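S.K.:
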Amino acid sequence: MRRFLSVLTAVLIAANILGFCPANAEDLSHPYTITATMYNQDATEYGITFRSMEKYEKPQVQVLKKTVGQDVFKDPLVFDAVLDNHGSREKDNIYKAVVSGLEYDTEYVYRVGDSKRNIWSETCSFRTAPRQDINAMFTFLYITDSQNAPERFGWVLAKAFSMYPEIRFILHTGDMVENGLVEDEWKAMLHDNRKYTAYTLINSVSGNYHEDNGAELYNHFHKKLPANQSVEKGYFYSFDYGNAHFVMLDITDVDENFNLSEKQIRWLEKDLEDTNKIWKIVGLHWPLYSTGPHSNYAIDRFENLRKQLEPIFAKYNVELVLQGHDHVYSRTKSILDGQVYINKIYVERKYENGKYLSVVNQKGTTYLTGGSSGTKFYYCQVPERFDGYFEVFNGLPNSMFTVISVSEKELLVRAYIYDHENDKVILHDIFGFTNSYANLQTMAKVREEERTQGTCVGIVMVVSLAAMLIPLKKKKLKE
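Reading the sequence shown from the start, the letters are residues 5 to 483 in my numbering.
#1: Should A27 go down as buried or exposed, given a rule of 16 or more other Cβ atoms within 10 Å for buried?
#2: Out of V65, G117 and Y203, which one is the CA nearest neighbour of E111?
#3: Nearest to L288 by alpha carbon, out of T373, I123, G184 and H298?
#4: Measure the alpha-carbon distance for H432 versus I421 and round it to whole angstroms.
#5: Considering only the alpha carbon of each residue, which of E307, W283 and F435 lies closest to E352?
#6: Assign E356 to one of three DSSP states: helix, strand, or coil.
#7: State the Cα-Cα distance for the pair V251 and S208, rounded to the nearest angstrom.
#8: Within this structure, are the beta carbons of S489 and S294 separated by less than 7 Å?
#9: Leaving out five residues on either side along the sequence, give the residues of the same chain with a beta carbon under 6 Å from the beta carbon of V286.
#10: Run through DSSP, which three-state label would F225 get?
#11: Less than 8 Å between the CB atoms is what I'm expecting for K62 and H226, so what's the real figure, rounded?
#12: Curious, which full-length alpha helix (DSSP H) runs of at least 4 residues does the stretch 301-326 contain?
#13: Among the residues of its own chain, which have a CB less than 6 Å from the CB of G399, if the five just before and after it don't count?
#14: DSSP three-state label for K489, please.
#15: For the putative contact between P154 and N183, defined by C-beta atoms under 8 Å, what is the C-beta separation to the nearest angstrom?
#16: Going by beta-carbon coordinates alone, are L229 and Y241 separated by less than 7 Å?
#17: Would G358 be called buried (16 or more neighbouring beta carbons within 10 Å of its own) or exposed?
#18: Can you grab the Cα-Cα spacing for the pair K337 / N308, in whole Å?
#19: Give the range of the alpha helix (DSSP H) segment to which E187 is assigned.
#20: Which word fits T256, buried or exposed, when buried means at least 16 other C-beta atoms lie within 10 angstroms of its C-beta?
#21: DSSP three-state call for S104: helix, strand or coil?
#22: Give a yes or no on whether the C-beta atoms belonging to T132 and Y108 are separated by under 7 Å.
#23: Taking only heavy atoms of the ligand MN into account, decide whether any of them is closer than 6 Å to the Cβ of A419.
#24: Give me, in chain order, the residues of the same chain whose beta-carbon lies closer than 7 Å to that of L415; leave out the 5 immediate sequence neighbours on both sides.
#25: Would you mind working out which of P80, D79, V65 and I174 sits nearest L87, comparing C-alpha positions?
#26: Could you give the distance in angstroms between the alpha-carbon of P315 and the alpha-carbon of F77?
#27: If you draw a straight line from the alpha carbon of W271 to that of A231, how long is it in whole angstroms?
#28: Tell me the rounded alpha-carbon separation between F397 and V67.
#29: Roughly how many angstroms lie between the CA atoms of Y213 and A219, to the nearest whole one?
#30: Measure the CB-CB distance between L264 and Q312 and report whether it falls below 7 Å.
#31: Buried or exposed, going by whether 16 or more other CB atoms sit within 10 Å of the CB of V417?
#32: So, with DSSP's three-state summary, where would you put H176?
#33: Suppose contacts are defined by Cβ-Cβ distances below 7 Å. Is Y2 in contact with L175 by that definition?
#34: Could you name the residues that DSSP lists as bridge partners for I147?
#35: Can you give me the start and stop residues for the beta strand (DSSP E) that G158 sits inside?
#36: Indicate the three-state DSSP secondary structure (helix, strand or coil) for M193 in the structure shown.
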């Protein structure tokens, strides 16, 4: 017995030293930490990322339209993946692929792996973006600061997707993991929650916890980035989805006075100027307005960011800014030129359990900090200088998630508290933005396209008629 205990102790010590893993050799060959995201700005291409402990001979992504009872990948679309361990300190292999040529607003399934050795992942899926038209409607999930709580993050996702199975993508406003250099944290957050993360699209901004390891964010979400930027600390980008344009800013790209770089500001202005989408939504990690601790002790730190960004948001009619970092929930009133815009028009709307107010043709911008989807919570206190700026705020020690539905006429925002002790979800805040010009804008766009197409058809008809008449005229001249 004593000998058995000695052997057992030696085994346990060796396992601890060597980093014992119960997975067998077959498990080590299989892909893991699989993600899909919008690759390019107009969301017609999708970036797929996956990892493996063993190097693949022919890494690929296979894609098919989703059908009922589908269990085999027969005649799939095939996309080669490339090995791209960009700045990673980990020993695993990172593969990236770009999927293109897919139909709009369609559910696709895909798998990743090594086609040479017939090693494949489980089946994953996502739905492609819709066209911008009168009936373009979609729902997305806004969460933030999951950090060191992958299990809680999974519970939050489970509640959100069970309540809203129509969610098209996740928008995360930073600090997805605590330490971006540790792959086990990404694996726990993404792979262990793959029941949700591998069946949707994910778009994340760079958080302050990514400041020294921004390349790891890039290594988990394959993006075509604008402005020839570095990814060593973080990155900025934008994408379209239906009637909405999303701008994802990088708060690690600042100088010692917390000014965003001129490159990012120039890109932001051009990006917003070029979009014709009805709704403009910005995501960033540091909050410009919040009731959390950073907005109190670091209030001047963000003053330059406000001075830089607020005029741009006002100029291009940004309706909503989604923030992180403060681990509290807060929603401002409409802010214009650094002040609360008072002369707002509301319309009262109904939902399942009551009524809510929707701002009509908002002047200014609403700033929303969405709590934490993890287990780290901060106290809530309104900064004295921003007294009267906030519509709703709380610092409750509960995880939160926010569901945002987008249609041509309205943005509807519903924020939920997840009471994990009682396993209950509570609606905490509901509000909306109504665009009374939406129909006019879309119809004008459609009519302009019809007019252009009609003109082209008319020209073709005239040219065709002329082509018919000229030979007749020549014939008559000969006669």
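Ideal placement from N, C-alpha and C gives every residue a C-beta, glycine not left out.
On a predicted model such as this, the values are computed, not experimentally measured, just so you know.
M.R.: Taking the definition as stated:
#1: Any answer about A27 is weak, because its pLDDT of 35 lies below 50 and its placement is not dependable; what the coordinates show is given next. Under this definition A27 is an exposed residue.
#2: Y203
#3: T373
#4: Here the C-alpha atom of H432 lies approximately 6 Å from the C-alpha atom of I421.
#5: F435
#6: coil
#7: 11 Å
#8: The requested residue 489 is not part of the displayed model; the chain covers only 5 to 483.
#9: V251, V322 and V325
#10: coil
#11: In fact, because the Cβ distance is near 19 Å, the residues do not count as touching under 8 Å.
#12: 307-319
#13: V332, Y383 and C384
#14: The structure shown does not extend to residue 489, since the chain is modelled only from 5 to 483, so the question has no answer here.
#15: So it is not a contact: roughly 13 Å between Cβ atoms.
#16: yes
#17: exposed
#18: Cα to Cα, the separation comes out at about 21 Å.
#19: From DSSP, the alpha helix (DSSP H) with E187 extends over E187 to W190.
#20: Flag for T256 reads buried.
#21: Looking at S104 - three-state DSSP - the assignment turns out to be coil, as it is neither helix nor strand.
#22: yes
#23: Looking at this structure, you won't find the ligand MN or any other ligand, since it has none at all.
#24: W283, E323, L324, I408, G436 and F437
#25: Comparing Cα positions, the closest option is V65.
#26: Rounded to whole angstroms, the separation of the alpha carbons of F77 and P315 is 51 Å.
#27: 7 Å
#28: 44 Å
#29: 12 Å
#30: Yes, the Cβ-Cβ distance between L264 and Q312 is below 7 Å.
#31: buried
#32: Correct three-state label for H176: strand.
#33: With the chain covering only 5 through 483, there is no way to say anything about residue 2.
#34: Paired residue(s): H176.
#35: Here G158 belongs to no beta strand (DSSP E); instead the alpha helix (DSSP H) covers P154 to M167.
#36: helix
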